[in-house]
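Numbering (full-length UniProt numbering), first residue to last: 1 to 952.
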């Protein structure tokens with residue numbers, strides 16, 4: 001009995017212990033399940049597999065509590081910051097701008113947005129561009145009653161807008177349109193005669209004209225898509241931007257485009273070009289600069305405005321095809337043309353054929369010359385069986401003997417093919433003339449670009465006159481759709497208040513002041529602020545005609561006056577004459593073999609003399625060999641007119657590359673730059689350089705430059721990477737390759753700043769971003785900035801620097817003029833009112849002196865400011881950064897970090913040899929085969945030059 005009494009508590013205790021063990025086991029297995037394979041192994045090996053006791057029973061009234069899921073942290077998207085106030089520093093100056101005040105009286109109305117779908121008669125969708133406007137014009141003419149007499153604005157593609165609604169939400173129409181290539185005249189295709197001069201078409205031609213393919217039937221579906229209140233425009237002017245306000249402004253811009261299209265203009269986004277030879281300027285190579293007008297509506301602080309500016313696009317020289325080819329290839333006559341090149345450049349261009357004046361698109365060239373190229377000609381007579389007889393004739397014989405058309409020089413030249421691959425249609429080349437206003441979208445050569453700049457620039461007063469005339473010519477007040485919106489446009493330039501910021505004080509060597517006048521200074525009788533030493537160096541001459549000894553002597557003499565000690569060069573290496581025609585890479589390799597065989601060790605600096613002034617093909621391979629393979633600083637020059645001014649400019653670049661400084665801001669020396677001098681601050685410049693238009697396989701090149709040796713804001717280094725073609729967002733800022741390794745751009749720049757700035761991490765990072773449009777601002781704020789933050793956190797989780805993000809734009813159409821003066825606005829002119837954004841923090845700055853044409857201001861958008869700059873402090877910093885560019889003795893038009901990023905991307909881009917875009921892309925540009933492109937990686941710079949200003 002006693003033992004039973006003792007056993008009971010032990011039994012209860014055992015159950016409790018076992019119950020706890022079971023519960024613990026269940027809990028443990030829920031969160032840390034054992035791999036099943038282990039249990040199986042135990043069973044197979046005869047191990048113990050005794051079952052544990054069952055878990056305690058669950059009470060009947062038990063209801064399990066539902067686990068609350070952890071709230072998902074929603075990422076807050078950053079948007080551009082609002083303006084904190086206006087600047088006040090500087091001397092006030094009245095300025096005129098090319099914005100014209102717009103009043104909108106009908107703010108209670110609505111735009112109705114309709115989707116447009118075009119189909120052929122058999123139901124296939126219409127995909128060709130350019131046909132839409134003709135079809136919709138025909139709809140407007142034919143179905144005016146069904147459209148309730150309403151005018152509409154059509155964007156040429158899939159959207160149509162009306163003021164007030166159409167009678168029904170879905171409308172379907174059928175229209176008949178003459179064949180596009182034959183809507184001018186009664187021509188024929190090249191398998192028969194283009195018609196005798198002045199004679200009626202022959203019987204065959206008449207039959208063809210009756211054939212159905214000469215006219216086409218189109219089905220048009222117009223379906224309601226959205227309703228846009230015009231009130232949205234008024235809201236945008238109060239700073240309340242929305243999708244509706246952007247759409248409403250887009251409608252107004254589409255009305256402008258349609259207005260220009262009806263006048264027969266070439267449309268390039270919001271720029272319009274009339275077919276007037278007075279507006280054409282020959283820039284060489286069969287290419288003309290065509291002057292037109294940009295016209296768009298903008299929301300500003302002072303209300304809605306119409307921004308009108310002069311615009312230029314490139315077009316193919318209209319006229320005889322042969323004349324264009326001779327100019328394009330710089331050939332003597334048609335018989336010395338490269339026809340493979342001609343075929344590439346002519347593809348897809350439109351021509352008119354004589355004498356029928358019919359229009360076609362070129363699809364290729366004949367394989368044989370005109371006198372040998374044959375085709376099957378159908379005879380008028382029939383054989384005994386009633387079948388149409390055919391015969392093989394040459395194109396030349398057909399036109400000369402059957403059509404009695406005199407051909408002077410086409411016999412031995414290829415014919416133009418304007419047909420389809422399986423059904424070619426040939427014309428002798430001398431009967432074809434290129435239609436006017438066809439865009440040339442390939443990259444211009446250096447000489448064409450120089451010619452274009454020279455011929456398209458206008459002095460401020462001349463530009464104002466042209467713009468006033470443009471407003472009169474366009475006669476927007478007569479546009480019925482604008483009238484229906486209650487839009488009226490002032491004919492006066494808007495007056496704004498500008499301020500001229502004083503030029504920052506600059507320091508040269510020995511503490512001397514540099515005196516700036518009109519944004520310029522010089523080093524006459526002055527030494528460089530921090531002169532470098534040119535030692536262990538040599539001269540390399542790639543067949544340039546030059547007195548090398550004299551050049552070295554003058555460089556040494558001028559170097560001494562600027563404080564640079566120039567030692568005598570080790571050697572002058574002259575290229576062997578038999579290598580002059582060798583490929584560029586071979587020439588560079590051979591030169592380096594000679595350098596290595598004769599010098600005792602690697603030189604610190606090489607001065608390279610190039611034979612051609614512009615686009616020398618040795619430049620890229622030479623730079624790559626020096627910087628990536630050997631870590632040697634190098635300076636190239638093409639010795640043409642070498643004088644003291646030229647050599648002083650050369651010394652500016654050499655000194656900066658070798659680690660010296662030419663001039664410095666007095667505020668850097670003191671140091672007294674607000675918010676920058678007191679707290680370790682890193683300044684970044686970011687830019688992406690893209691391949692030529694029409695090539696989708698050329699990698700884009702991203703460059704980021706960063707300041708170093710804080711508190712200086714004049715010294716920079718660069719990091720350059722390739723990325724996917726035509727991608728503007730930089731994707732290599734942070735690049736995690738493992739848990740402990742980041743191979744991104746930012747890591748190397750942050751580490752360099754830390755080492756060069758006395759082991760201080762930047763607490764402020766100011767980013768200047770070039771090359772992005774307003775539609776990409778959110779990507780900069782939410783993609784690139786996130787990468788910057790991740791790169792910092794990867795180095796130190798607790799590190800949270802404050803960021804300032806500023807976008808700089810040059811590609812806009814706002815210009816400023818001094819009222820009552822023929823001169824450009826003075827350097828340092830800043831505008832942050834009236835024509836600026838109604839809400840966002842932006843301003844225009846003309847930091848430089850515009851010596852030629854009309855000054856183009858830089859438009860700065862402050863997207864984020866976590867540091868808390870006042871408007872004056874930030875504007876002054878931006879102005880100061882236009883004065884620290886080490887390559888020149890002038891203020892430049894955009895902050896130096898962005899200019900350096902552009903230089904670095906361009907120079908490193910030349911290391912990579914790609915196909916010449918001007919010969920491989922079609923005349924209408926556009927991307928080639930889409931699909932994933934493997935991006936070749938750039939070689940990294942050698943350690944000893946990586947932190948240099950090699951891009952100067």
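For each residue, glycine too, the CB sits at the ideal point set by N, CA and C. This one's a predicted model, so the numbers in the text were calculated from it and none came from an experiment.
Taking the beta carbon of residue i as the centre, do at least 16 other beta carbons fall within 10 Å, making it buried, or is it exposed?
| i | result |
| --- | --- |
| residue 936 | exposed |
| residue 108 | exposed |
| residue 747 | buried |
| residue 176 | exposed |
| residue 402 | exposed |
| residue 736 | exposed |
| residue 448 | buried |
| residue 876 | buried |
| residue 685 | buried |
| residue 951 | buried |
| residue 501 | buried |
| residue 629 | exposed |
| residue 258 | buried |
| residue 120 | exposed |
| residue 940 | exposed |
| residue 743 | exposed |
| residue 495 | exposed |
| residue 414 | buried |
| residue 227 | exposed |
| residue 798 | exposed |
| residue 769 | buried |
| residue 923 | Because the pLDDT of residue 923 is 36, which lies under 50, any placement of that residue in the model is unreliable, and the number read from its coordinates should be weighed accordingly. Answer is buried; the Cβ neighbour count reaches 16. |
| residue 953 | Because residue 953 is not part of the residues shown, which for the chain are 1 to 952, the question remains open. |
| residue 711 | buried |
| residue 318 | buried |
| residue 740 | exposed |
| residue 430 | buried |
Per DSSP, residue i forms a beta bridge with which residues?
| i | result |
| --- | --- |
| residue 476 | Residue 476 is not bridged to any residue. |
| residue 307 | 99, 296 |
| residue 427 | 416 |
| residue 719 | 704 |
| residue 350 | 361 |
| residue 633 | 605 |
| residue 226 | 113 |
| residue 159 | 115 |
Would you grab the beta carbon distance between residue i and residue j for me? Rounded to a whole angstrom, and I think it's under 8 Å.
| i | j | result |
| --- | --- | --- |
| residue 858 | residue 809 | 7 Å |
| residue 745 | residue 713 | About 20 Å; that fails the 8 Å criterion. |
| residue 910 | residue 620 | 4 Å |
| residue 867 | residue 895 | The pair is not a contact, with the Cβ atoms about 16 Å apart (cut-off 8 Å). |
If you measure from the beta carbon of residue i to each beta carbon in chain B, is any gap under 8 Å?
| i | result |
| --- | --- |
| residue 78 | Checking the listed chains, one finds no chain B in this structure; it contains a single protein chain. |
Which runs of the beta strand (DSSP E) fall wholly inside the stretch 83-118 and span at least 3 residues, in chain order? Every beta strand (DSSP E) of 3 residues or more that sits fully in the stretch 83-118 is shown, in chain order, as 91-104.
Mind the definition here: the stretch 675-692 touches the stretch 513-523 only if three or more C-beta pairs lie below 8 Å; say whether that holds. The stretch 675-692 is not in contact with the stretch 513-523.
At least three beta-carbon pairs within less than 8 Å, the stretch 321-339 to the stretch 855-868: The stretch 321-339 is not in contact with the stretch 855-868.
Can you give, in chain order, each stretch of the alpha helix (DSSP H) that sits fully within the stretch 778-854 and has at least 4 residues? Within the stretch 778-854, the complete alpha helix (DSSP H) segments at least 4 residues long are 785-795, listed from N- to C-terminus.
Three CB pairs or more closer than 8 Å across the stretch 317-326 and the stretch 476-486: Result no; under three Cβ-Cβ pairs closer than 8 Å.
Is it a yes or a no for the stretch 284-294 touching the stretch 815-832, going by three-plus beta-carbon pairs under 8 Å? Too few Cβ pairs lie closer than 8 Å, so no.
Do the stretch 770-782 and the stretch 849-857 make contact, defined as three or more Cβ pairs closer than 8 Å? No: the two stretches stay apart, fewer than three of their Cβ pairs being nearer than 8 Å.
With a floor of 4 residues, list each alpha helix (DSSP H) that falls wholly inside the stretch 463-544, ordered by position along the chain. Whole alpha helix (DSSP H) segments, 4+ residues: 480-484.
Every unbroken beta strand (DSSP E) within the stretch 241-281, with a cutoff of 3 residues, ordered by chain: Considered as a whole, the stretch 241-281 harbours 266-268, 271-273 as its complete beta strand (DSSP E) runs of no fewer than 3 residues, in chain order.
Scan the stretch 115-148 and note each continuous alpha helix (DSSP H) run of 4 residues or more that stays entirely inside, going in chain order. Given a length threshold of 4 residues, each whole run of the alpha helix (DSSP H) inside the stretch 115-148 is given here in chain order: 131-142.
Three CB pairs or more closer than 8 Å across the stretch 884-891 and the stretch 651-670: Judged by Cβ distances under 8 Å, the stretch 884-891 makes contact with the stretch 651-670, as three or more pairs qualify.
Below 8 Å, can you find three or more Cβ-Cβ pairs linking the stretch 311-322 to the stretch 465-485? Pairwise C-beta distances place the stretch 311-322 out of contact with the stretch 465-485, as fewer than three of them are shorter than 8 Å.
May I ask you to verify whether the stretch 390-397 touches the stretch 340-360, counting CB pairs closer than 8 Å and requiring at least 3? In short, these stretches do not touch, since the Cβ pair count stays below three.
Meets three-Cβ-pair contact criterion under 8 Å: the stretch 534-543 and the stretch 597-608: Remark: three or more beta-carbon pairs, one from each stretch, lie closer than 8 Å, so the stretch 534-543 and the stretch 597-608 are flagged as touching.
Given 8 Å as the limit, is there contact between the stretch 257-274 and the stretch 298-306, that is, 3 or more CB pairs closer than that? Contact check between the stretch 257-274 and the stretch 298-306: fewer than three CB pairs, one atom from each, fall below 8 Å, which does not count as touching.
Are the stretch 414-434 and the stretch 369-383 touching by the rule of at least three beta carbon pairs closer than 8 Å? At 8 Å Cβ cutoff, the stretches touch.
Sufficient close CB pairs (3 or more, under 8 Å) joining the stretch 549-569 to the stretch 638-654: Output reads yes: the stretch 638-654 touches the stretch 549-569.
Decide yes or no for the touch test of the stretch 109-119 against the stretch 830-850: beta carbon pairs closer than 8 Å, at least 3 of them. The stretch 109-119, when compared against the stretch 830-850, does not touch it at the 8 Å Cβ threshold.
Under 8 Å: do the stretch 814-821 and the stretch 88-105 share three or more Cβ pairs, one atom per stretch? In this structure the stretch 814-821 touches the stretch 88-105; the number of beta carbon pairs closer than 8 Å is three or more.
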